[in-house]
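Structure, as structure tokens:
Number of protein chains: 2
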Amino acid sequence: MKSLLLVAHGSRRTESNDEVRQLARDLEAKVDGEYGQVACAFLELAEPSIPDGLRAMIRAGAYEVIVLPYFLSAGRHVATDIPAEVNIIRAESPGVEITLAPYLGASSGVVDLLLGLAEETPAPCS
Amino acid sequence: MKSLLLVAHGSRRTESNDEVRQLARDLEAKVDGEYGQVACAFLELAEPSIPDGLRAMIRAGAYEVIVLPYFLSAGRHVATDIPAEVNIIRAESPGVEITLAPYLGASSGVVDLLLGLAEETPAPCS
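For the record, the sequence lines run as chains H and A.
Taking my numbering, the leading residue of the first sequence gets 1, the next gets one more, and so forth.
Taking my numbering, the leading residue of the second sequence gets 127, the next gets one more, and so forth.
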């Protein structure tokens with residue numbers, strides 16, 4: 001069974017990191033047994049790091065992990081930094097299949113999400 | 127008719143800013159006349175600024191604008207900086223209704239988007 005690791009940038013603001021942790025819990029609630037473990041990790045400024053997050057999953061029995069980059073643009077973090085962190089664990093645990101999903105901003109569904117937010121927006125009191 | 131202004135952080139990477147500009151075009155194509163103007167603006171590092179983006183819309187006839195923050199977390203930018211930029215134009219053009227939509231990361235649809243990306247992810251060649 002595949003496991004999911006949500007990967008965010010990490011922030012100096014605890015609340016932002018907690019938003020990511022809550023999102024991982026929301027993911028876990030939603031998948032309802034379709035995936036194994038669901039957790040999150042951070043590129044910098046928060047714990048666990050991506051290698052540590054992957055190591056914890058592998059210790060708990062994961063042998064197939066999909067890494068989900070919670071990023072809006074295909075910058076250096078998505079193109080270079082996250083793959084480099086993942087490769088550390090690929091070298092450490094060659095028996096584990098780790099796959100990088102496209103980053104969130106690459107999803108064509110973002111357009112509908114934005115339009116949904118626009119439609120929910122109440123008119124200002126004026 | 128309401129207009130939409132997609133607001134992103136802005137990046138030193140031209141490609142990242144161009145991703146946002148393309149997303150605004152995708153939004154425009156999708157709304158298909160349901161909204162008036164659709165454009166984007168940037169908090170920093172790219173043009174136009176949020177005030178300039180709003181001014182351009184107002185010059186072109188907009189009198190109701192929904193600002194869509196293309197951000198993943200409710201940090202200082204979403205909570206303070208974007209409202210401050212919007213307030214500049216509210217003071218300049220009090221006859222124009224400018225509404226702030228929730229930021230993208232606040233959408234409950236993000237969970238489904240992430241799961242969609244996980245499902246599309248091919249197994250690695252190994």
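For glycine and all other residues, C-beta sits at the position ideal for the given N, C-alpha and C.
For this session: Kindly list, in the order they appear in chain H, the residues whose Cβ is closer than 8 Å to that of A:Pro228.
Result: Neighbours of A:Pro228 on chain H, chain order: Leu117, Glu120 and Thr121.
| task | Return no unless some Cβ of chain A is closer than 8 Å to the Cβ of H:Asp26. | result | yes
DSSP state of H:Val67 mapped onto helix, strand, coil: It is a strand residue.
inquiry  = I'd like to check one pair, A:Ile192 with A:Leu261: are the Cβ atoms closer than 8 Å?
reply    = For chain A, the structure presents residues 127 to 252; residue 261 of chain A sits outside this window and is missing.
Review point. Taking 8 Å as the CB-CB limit, is H:Thr99 close to chain A?
Key: yes
Check your understanding: Whose Cβ in chain A lies nearer than 8 Å to the Cβ of H:Val110?
Key -> Leu149, Leu230 and Leu239
On a Cα-Cα basis, can you pick out the residue from A:Ser142, A:Ile224 and A:Glu160 that is closest to A:Glu173?
A:Ser142
Point to revise | Integer-rounded CB distance, given that H:Gly10 should sit under 8 Å from H:Phe42 | key: 3 Å
Is it the case that the Cβ atoms of H:Ser73 and A:Glu145 are separated by a distance below 8 Å?
yes
Can you tell me which residues form a DSSP beta bridge with A:Ser199? A:Ser199 pairs with nothing; no bridge assigned.
| When the cut-off is 8 Å and only beta carbons count, does H:Gly10 lie next to chain D? | The structure shown has no chain D; the protein chains it does contain are H and A.
Between A:Val236 and A:Tyr189, is the Cβ-Cβ spacing less than 8 Å?
no
**Request:** For H:Ser93, decide whether its Cβ has a neighbour in chain A, counting only Cβ atoms nearer than 8 Å.
**Result:** no
Out of H:Ala106, H:Ala79, H:Gln37 and H:Ala60, point me to the one whose CA is closest to A:Gln148's CA.
Cα-wise, what sits closest to A:Gln148 is H:Ala106.
Of the residues A:Glu246, A:Thr225, A:Leu243 and A:Thr247, the one placed nearest H:Leu117, counting alpha carbons only
A:Thr225
Near H:Leu104, which residues of its chain fall below 8 Å by C-beta distance, leaving aside the five closest residues on each side in sequence?
-> Leu68, Pro69, Tyr70, Phe71, Leu72 and Val110
Given this structure, state the Cα-to-Cα distance separating H:Leu54 from A:Asp238, to the nearest angstrom. In this structure, the alpha-carbon of H:Leu54 lies about 22 Å from that of A:Asp238.
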